[in-house]
Amino acid sequence: THTHTHLCSEHIHAHALQMSYLLPHLHSGWAVDQAIVTEEERVVVIRFGSDSNIECMLMDETLLDIADDVKNFAVIYVVDINEVVDFNDMYELYDPLTVMFFFRNKHIMVDFNTGDNNKITWPIEDRQDMIDIIEEVYRGAKKGKGQVTSPIDYSTKCRY
């Protein structure tokens with residue numbers, strides 16, 4: 003059974019890696035800038051991180067799952083911070099996983115009640131939670147707000 007378990011975890015790993023590849027990747031700093039600058043109607047959601055990191059894989063699975071549901075008001079991209087290092091210092095991308103939101107070339111901050119309003123640094127596996135957060139960002143950003151409050155309080159959910 004030991005090899006079976008090993009194969010299972012490898013299969014899950016391969017499946018999750020596949021998730022990341024199904025999401026549109028931005029392969030350069032220029033491509034990231036273009037994605038943020040040229041989208042005028044929708045929220046740009048960018049998952050920065052390492053494609054092979056388990057937390058990124060979990061997040062990517064959620065993002066892939068909701069991409070079609072949010073396509074009218076959001077577009078989702080992934081950036082491997084090992085490949086594109088341009089933003090690692092500017093956005094303080096020191097976590098294995100970081101999700102950020104932009105609207106009309108502006109970084110939209112979200113208050114998750116965690117003390118860090120800039121970004122999501124943990125995997126959100128509940129698809130509806132993620133949809134609700136993106137909708138809230140969209141609604142607030144459309145009104146010109148630079149920061150919105152998350153509809154879900156993560157102060158108790160986060161692992162520190």
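Residue numbering for the sequence shown follows the numbering used here, starting at 3 and increasing by one per position.
We put the beta carbon where it would ideally sit given N, CA and C, even for glycine.
### Task
Would you check if the stretch 72 to 80 and the stretch 41 to 56 touch, i.e. whether three or more CB-CB distances between them fall below 8 Å?
yes
### Message
Mapping the DSSP letters down to three states, classify V87 as helix, strand or coil.
### Response
coil
### Message
Could you give the first and the last residue of the continuous beta strand (DSSP E) run that contains Y79?
### Response
76 to 82
### Task
To the nearest angstrom, report how far apart M59 and D71 are at their CA atoms.
19 Å
### Query
From this set, L28, D113, Y140, K121, which residue's C-alpha is nearest F105's C-alpha?
Y140
### Query
Where does D155 land, buried or exposed, given buried means 16+ other C-beta within 10 angstroms?
exposed
### Task
For E41, I'd like the list of residues in its chain whose CB is within less than 7 Å of its CB, leaving aside the five on either flank, ordered along the chain.
V77
### Message
Rounded to whole angstroms, what is the Cα-Cα separation between I126 and D97?
### Response
15 Å
### Task
Kindly list the residues whose CB is nearer than 8 Å to the CB of A69, restricted to its own chain and excluding five residues on each side of it in sequence; keep chain order.
L25, I78
### Query
Looking only at C-alpha atoms, which of G31, S54, V112, T158 sits nearest to M92?
G31
### V87 versus V80: straight-line alpha-carbon distance, rounded
13 Å
### Task
Could you pull out every unbroken beta strand (DSSP E) segment of at least 3 residues lying fully inside the stretch 90 to 115, listed in chain order?
99 to 105, 108 to 113
### Task
Could you check the C-alpha separation between Q149 and F114 for me, to the nearest Å?
11 Å
### Query
If L99 sits next to M61, beta carbons under 8 Å apart, how far is it from one beta carbon to the other, in whole angstroms?
6 Å
### Query
Bridge partners of G51, per DSSP?
D82, L99
### Task
Flag this pair as yes or no: are the beta carbons of G142 and I110 separated by less than 8 Å?
yes
### Message
Looking at the secondary structure, which residues open and close the beta strand (DSSP E) in which T151 lies?
### Response
149 to 151
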